[in-house]
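Engineer:
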Amino acid sequence: MSTVYKRGPIHLGQAGEQDPTGKAESLPIPNTTKDHPPKSRAGLLPNAAKCLALAALALYTVTYGFHLPQLGGHSKSEVSEVVKRGLAKCEAIKLMPPDTTHFRVNRTVSDRFEPYNAKPVLLKNATVWTGGNDGEEILFGASIYLKGGVVVSVGTAKDVQREILDQGVKEVDVEGRWITPGIIDMHSHAGVDASPSLQGSDDTNSVAGDVNPYLMSINGLNTHDLAAPLIISGGITTNLILPGSATSMGGQAFVIKLRKTEIDSPAALQVEPPFVYDGTGNQSFVRTGYKRFVKTAFGENPSRVFSQTRLDSLWHLRKNLEEASQLKQAQDDWCAKGSDNTAEFPDDLSKELLVDILRGRVNVNSHSYETVDYNNLAQLTNQFRFHISTIHHAHEAYLTIPRLKQFFGGPPAAAIFATNARYKLESFRGSEYAPYILTENGIMTTCVSDHPVLNSQYLLFEAQQTYMYGLNMSSALKTVTVNPAKALGLDHRMGRIGQGFDADIVVWDSMPLQLGARPVQVYIDGIAQLDDPHTLSKSQLQDVPPAGSANGWKQALETRGDPPLRSDKNVRNVIFTGVSSTYLQSDDGIKEVTLAGSDLQQKRVIVIEGQIDCVGHCPLDAEDSFDIIDLKGGAITAGMLTYGSYLGLMEIRQEPSTTDGKIPDVFSESNAYLSSVVSKGADGALFEQKDQLIAYKYGVTQGVAHPIESGVFGGISYAYDPAARHPLDGGILQRETAMHIKVSEKAKLSTSTVVGILRKLLLGEAEKSELQRYFRKIARGDIPLVVAVNRVDLMASLLHLKKEVAPGMKMVFEGAAEAWLIAHDIAKANVGVIVNPPRSLPSTWDQRRVLPGLPLTNSSLPAYLTSHGVKVGLGINEEWMARNTRLEMAWEYTNSAGIFSKASALDLVSTNLRELLGFTEGSPSAASWVAFEGDPFALQATVKAVRGEGRPYVNVF
17 MSTVYKRGPI HLGQAGEQDP TGKAESLPIP NTTKDHPPKS RAGLLPNAAK CLALAALALY
77 TVTYGFHLPQ LGGHSKSEVS EVVKRGLAKC EAIKLMPPDT THFRVNRTVS DRFEPYNAKP
137 VLLKNATVWT GGNDGEEILF GASIYLKGGV VVSVGTAKDV QREILDQGVK EVDVEGRWIT
197 PGIIDMHSHA GVDASPSLQG SDDTNSVAGD VNPYLMSING LNTHDLAAPL IISGGITTNL
257 ILPGSATSMG GQAFVIKLRK TEIDSPAALQ VEPPFVYDGT GNQSFVRTGY KRFVKTAFGE
317 NPSRVFSQTR LDSLWHLRKN LEEASQLKQA QDDWCAKGSD NTAEFPDDLS KELLVDILRG
377 RVNVNSHSYE TVDYNNLAQL TNQFRFHIST IHHAHEAYLT IPRLKQFFGG PPAAAIFATN
437 ARYKLESFRG SEYAPYILTE NGIMTTCVSD HPVLNSQYLL FEAQQTYMYG LNMSSALKTV
497 TVNPAKALGL DHRMGRIGQG FDADIVVWDS MPLQLGARPV QVYIDGIAQL DDPHTLSKSQ
557 LQDVPPAGSA NGWKQALETR GDPPLRSDKN VRNVIFTGVS STYLQSDDGI KEVTLAGSDL
617 QQKRVIVIEG QIDCVGHCPL DAEDSFDIID LKGGAITAGM LTYGSYLGLM EIRQEPSTTD
677 GKIPDVFSES NAYLSSVVSK GADGALFEQK DQLIAYKYGV TQGVAHPIES GVFGGISYAY
737 DPAARHPLDG GILQRETAMH IKVSEKAKLS TSTVVGILRK LLLGEAEKSE LQRYFRKIAR
797 GDIPLVVAVN RVDLMASLLH LKKEVAPGMK MVFEGAAEAW LIAHDIAKAN VGVIVNPPRS
857 LPSTWDQRRV LPGLPLTNSS LPAYLTSHGV KVGLGINEEW MARNTRLEMA WEYTNSAGIF
917 SKASALDLVS TNLRELLGFT EGSPSAASWV AFEGDPFALQ ATVKAVRGEG RPYVNVF
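One gets our numbering by counting positions in the sequence shown from 1 and adding 16 to each.
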């Protein structure tokens with residue numbers, strides 16, 4: 017078993033008021049009714065859900081709202097029927113989730129088992145991270161036997177073989193690969209915010225009211241979501257499908273598995289559904305006792321949608337909960353009175369979920385970002401005595417841990433992103449060290465995608481980043497397995513590998529915390545999900561990667577999420593020792609140089625006045641005038657470039673006052689004066705932005721940004737130094753780089769009209785305006801035309817336009833999701849491509865034919881285009897992503913099956929982007945570079961020093 021090192025705890029407060037039992041208060045049931053405790057789930061047969069439903073029906077357990085109130089008076093016999101129905105509801109509201117203490121004892125068949133696809137599976141010769149023993153248990157050379165939708169046995173080959181009594185078992189030798197429990201994404205909008213995004217399939221938010229406990233996300237679940245197979249291919253086996261956060265209470269959520277079922281319906285996807293149909297006709301929609309889920313939201317989202325404030329949101333929730341509390345008390349009083357009642361059982365379909373919250377039968381999830389939100393939630397939960405299971409996004413949770421521990425019933429779990437922050441004011445103080453701080457202080461942490469905000473297919477990447485920033489191996493893997501299972505109250509059946517657990521299993525091509533790890537096979541309920549998966553041999557990536565560092569956690573806390581981001585030390589002359597290799601710019605792109613010799617200390621790089629002077633054996637007479645930095649086998653690379661977001665023109669995406677603002681669309685502007693204006697990014701350049709400085713700290717030394725478009729026209733981009741303090745501090749590296757337009761299904765003009773306008777401009781009418789003068793430059797090939805486009809049909813039209821009107825034009829496609837369909841034609845036309853995002857998702861109709869990469873296809877889009885001779889760069893679509901430029905480049909290198917060398921992978925985010933974007937200024941002596949301790953093409957690599965473009969000094973970190 018691998019050794020895992022744990023750090024000491026950080027103490028930030030004591031637990032607050034808690035419900036000592038963890039259970040809802042008992043209901044007063046009169047002697048006239050019979051108490052039927054819920055059955056144990058241990059050893060239930062395949063139709064367990066129906067058995068529970070029939071048992072509930074036998075107790076007259078009917079759902080709220082199916083009974084229509086009778087008007088007027090009642091006869092004696094009529095009153096009796098009314099009371100019977102009411103007493104049945106007393107039993108229904110008493111029904112609590114089944115006791116799961118012995119759930120897995122003798123469990124041999126899952127309630128989700130489908131005999132039609134029931135062949136048992138034996139996985140042999142595996143390295144199994146079980147999730148057991150607090151995440152520390154690893155079994156080597158182990159076997160796992162899957163049958164009936166559950167794990168029958170896991171252990172040594174001999175022990176497991178004793179359990180196999182069946183014929184026709186499918187045996188799979190996984191050849192020592194790692195196996196983990198299935199990944200659980202407990203914040204997803206898959207199905208309700210379906211791909212591609214279309215008006216007819218968007219059921220994420222209802223804005224009919226601010227508090228909507230009666231809405232159900234499953235009522236909008238689209239079973240044709242193109243993202244579903246992609247999500248499964250990433251190893252995700254379970255999802256909590258939440259409604260959106262546009263309202264203070266968006267409605268009920270549901271736990272599902274996206275596996276296709278024999279009954280192809282949303283209901284068949286559910287795990288432990290709170291209601292089931294028993295097939296007996298009227299009133300057959302009955303309670304099972306399983307917990308329900310609900311989503312609340314605080315802060316900017318409901319405030320923006322309903323033109324209100326946090327004060328309003330809290331009041332709306334308090335008011336509704338108070339009304340629910342009164343209804344609950346009326347119900348309890350009615351049940352205590354029993355058969356002496358003459359009135360109907362007090363009920364309100366719009367409040368029944370809220371009453372269930374107060375009875376402890378609902379898993380409450382709260383979208384909440386800031387310290388003030390947690391203060392409000394602590395107040396709310398203690399006032400109405402209910403527990404919140406999980407706070408989602410939770411960007412400032414690490415700053416207020418003592419208050420979290422004052423929530424009624426104990427602290428919530430925190431469902432977070434690893435590094436996605438600063439896109440709105442609420443997330444501005446998010447920290448990469450939050451998972452470490454929260455975990456060390458006893459706050460259970462889970463990583464989530466908020467799909468499609470992040471592509472759920474790559475949720476494991478979030479866990480990998482928590483490992484980068486301080487979590488140990490077991491804690492990082494638990495963020496997407498054990499912890500979300502606990503937060504969902506489903507840890508009795510998922511989140512671990514062991515006897516009786518659901519057979520949700522992922523076989524990985526490399527150790528799961530290695531960057532680029534991809535599934536070889538995914539089993540949901542014991543059924544293989546990938547037909548003929550594409551795999552790579554990654555024998556060199558089977559070890560646990562080097563541990564990360566949480567060195568910045570204290571500063572993050574002390575500065576309340578706003579730490580200084582600039583280096584503490586600037587030096588002019590440096591000697592780097594322990595340099596294994598360099599990857600620096602040459603006339604032909606990035607050139608790799610491996611330093612010879614066995615003595616690391618003799619592998620040196622000498623820097624004088626910021627410029628690399630010598631690489632290799634470099635004797636010096638006066639070394640005392642140099643700072644010495646040991647890279648311990650690391651490397652020095654060319655500085656990376658970021659493009660595709662509005663970084664350099666935007667600070668906080670959802671705060672317009674922090675941006676340059678949107679430019680007019682000269683292609684459709686009716687104002688004659690504005691229609692001739694060419695907006696230039698350099699004129700609105702912004703510096704000292706948080707995301708710029710963070711990106712620089714992680715090796716991004718250049719950026720290119722074009723103005724924020726309001727339609728088709730995106731103006732003229734500029735190149736900048738992300739570490740500059742202002743434009744006059746050497747901030748603008750090149751004032752004009754390329755012209756940009758955007759053509760999509762959301763454009764104000766039809767695509768045919770846009771192509772027509774381009775044809776007219778490129779043909780070169782009299783140069784009466786600045787816009788026409790720039791298009792003459794484009795036609796001559798003086799500056800590139802970068803077209804944001806995803807649909808293959810439009811790319812084909814643009815290739816024809818180039819050939820017909822301006823063959824010498826430098827055209828670049830940005831986005832280009834469907835470019836692989838005409839890769840040969842793009843290469844033949846000498847058109848470059850900036851793939852953005854690097855890992856595709858069919859988010860829009862124009863992107864629906866994506867090339868997703870491993871394990872569904874043998875190549876990613878960047879690798880496929882490169883293999884066909886297209887010059888490719890990598891882009892990003894949001895500002896915070898710039899910090900992960902190195903990781904995206906390294907991901908492509910790892911999963912390209914040899915198409916990319918380390919040098920050509922670095923080209924994707926440096927020399928290729930410079931060429932494609934027309935960034936030509938700057939001499940080789942002024943070139944930026946980055947010194948890494950560790951391998952920059954793997955997960956762990958620490959930036960030790962950076963030389964900015966043309967700077968005569970080095971920033972030491």
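Glycine included, each C-beta is placed from N, C-alpha and C at the ideal position.
Work out the CA separation of residue 562 and residue 923 for me, nearest whole Å.
Structural biologist: Answer to the nearest angstrom: the Cα atoms are 26 Å apart.
Engineer: Tell me the residue span of the alpha helix (DSSP H) that contains residue 400.
Structural biologist: Unbroken alpha helix (DSSP H) run through residue 400: 387–400.
Engineer: Determine, for residue 523, whether the minimum Cβ-Cβ distance to residues of chain C falls below 7 Å.
Structural biologist: No chain C is part of this structure, which consists of one protein chain only.
Engineer: Could you tell me which of 192, 176, 134 and 198 sits nearest to residue 157, measuring between CA atoms?
Structural biologist: Of the listed residues, the one whose Cα sits closest to residue 157 is 192.
Engineer: What does residue 630 pair with, by DSSP beta-bridge criteria?
Structural biologist: Beta-bridge pairing links residue 630 to 622.
Engineer: Just the C-alpha distance for residue 635 and residue 945, rounded to the nearest angstrom, thanks.
Structural biologist: Distance between the alpha carbons of residue 635 and residue 945: 22 Å.
Engineer: Are the beta-carbon atoms belonging to residue 934 and residue 842 less than 7 Å from one another?
Structural biologist: Not closer than 7 Å, so no.
Engineer: CB-CB under 6 Å to residue 168, same chain, minus the five flanking residues each way: which ones, in chain order?
Structural biologist: Contacts found: 161 and 179.
Engineer: What is the rounded straight-line gap between the Cα of residue 578 and the Cα of residue 572?
Structural biologist: Answer to the nearest angstrom: the Cα atoms are 7 Å apart.
Engineer: Apply the 10 Å Cβ neighbour rule to residue 714 and answer buried if 16 or more other Cβ atoms are within range, or exposed otherwise.
Structural biologist: When all chains shown are included, residue 714 counts as buried.
Engineer: Would residue 886 and residue 787 qualify as a contact pair, given that the criterion is a beta-carbon distance under 7 Å?
Structural biologist: For residue 886 and residue 787, no; Cβs fall outside 7 Å.
Engineer: Would you mind working out which of 112, 331 and 555 sits nearest residue 291, comparing C-alpha positions?
Structural biologist: The option with the nearest alpha carbon to residue 291 is 112.
Engineer: For a test of the three-state rule: what should DSSP assign to residue 188, helix, strand or coil?
Structural biologist: Correct three-state label for residue 188: strand.
Engineer: Distance check for residue 174 and residue 163, CA to CA, integer angstroms please.
Structural biologist: Spanning the two alpha carbons is a distance of roughly 18 Å.
Engineer: CA-CA distance, residue 973 and residue 899?
Structural biologist: Using only the alpha carbons, I get a separation of about 15 Å.
Engineer: Residue 790 by DSSP, collapsed to three states: which one?
Structural biologist: Looking at residue 790 - three-state DSSP - the assignment turns out to be helix.
Engineer: What is the DSSP secondary structure of residue 476, reduced to helix, strand or coil?
Structural biologist: Three-state DSSP puts residue 476 in a helix.
Engineer: So within the segment 252–333, which uninterrupted alpha helix (DSSP H) runs reach at least 4 residues, ignoring any that extend past its ends?
Structural biologist: Those alpha helix (DSSP H) runs which fall completely within the segment 252–333 and span 4+ residues are 316–321.
Engineer: Looking at the strands, I want to know which residues DSSP matches up with residue 643.
Structural biologist: For residue 643, which the question treats as bridged, DSSP gives the partners 590.
Engineer: Would you mind sorting residue 736 into buried or exposed? The rule is 16 or more other CB atoms within 10 Å of its CB.
Structural biologist: Buried is the call here.
Engineer: Could you tell me the alpha carbon to alpha carbon distance between residue 225 and residue 258, rounded to whole angstroms?
Structural biologist: Rounded to whole angstroms, residue 225 to residue 258 spans 17 Å at the Cα level.
Engineer: For the alpha helix (DSSP H) holding residue 525, just list the boundary residues, first then last.
Structural biologist: From DSSP, residue 525 is part of no alpha helix (DSSP H); its letter is neither H nor E.
Engineer: Taking only runs that begin and end inside the segment 142–197, name each unbroken beta strand (DSSP E) of 3 or more residues, in chain order.
Structural biologist: Listed in chain order, the complete beta strand (DSSP E) runs (minimum 3 residues) inside the segment 142–197 are 154–163, 166–172, 186–189 and 194–197.
Engineer: Would you give the residue range spanned by the alpha helix (DSSP H) that residue 496 belongs to?
Structural biologist: Counting along the chain, residue 496 falls outside any alpha helix (DSSP H), and DSSP gives it neither H nor E.
Engineer: Determine the DSSP secondary structure at residue 439, reduced to helix, strand or coil.
Structural biologist: Residue state, collapsed to three classes: coil.
Engineer: Comparing alpha-carbon positions, which option in 598, 857, 440 and 432 lies nearest residue 668?
Structural biologist: Cα-wise, what sits closest to residue 668 is 440.
Engineer: What is the DSSP secondary structure of residue 374, reduced to helix, strand or coil?
Structural biologist: Helix at residue 374.
Engineer: Can you check which of these residues, 217, 879 and 528, is closest to residue 981 by C-alpha distance?
Structural biologist: The question about residue 981 has no answer here: the residues shown for the chain are numbered 17 through 973.
Engineer: Just to confirm, are residue 238 and residue 264 a CB contact at a threshold of 7 Å?
Structural biologist: No.
Engineer: Hey, is the segment 401–411 in contact with the segment 442–451, meaning 3+ C-beta pairs nearer than 8 Å?
Structural biologist: Because the criterion of three Cβ pairs below 8 Å is met, the segment 401–411 and the segment 442–451 touch.
Engineer: For a test of the three-state rule: what should DSSP assign to residue 19, helix, strand or coil?
Structural biologist: At residue 19, the pLDDT of 39 sits below 50, so the modelled position is not reliable and the matter cannot be decided from this model.
Engineer: In this structure, what does DSSP give as the bridge partners for residue 757?
Structural biologist: 729 and 803.
Engineer: Is it a yes or a no for the segment 704–713 touching the segment 758–767, going by three-plus beta-carbon pairs under 8 Å?
Structural biologist: Contact fails: fewer than three Cβ-Cβ distances are below 8 Å.
Engineer: What three-state label does DSSP hand residue 368 in the structure shown?
Structural biologist: Correct three-state label for residue 368: helix.
Engineer: State the Cα-Cα distance for the pair residue 761 and residue 908, rounded to the nearest angstrom.
Structural biologist: So the two alpha carbons sit approximately 29 Å from each other.
Engineer: Using a threshold of 7 Å, state whether the C-beta atoms of residue 824 and residue 797 are closer than that.
Structural biologist: In contact: residue 824 and residue 797 (Cβ atoms closer than 7 Å).
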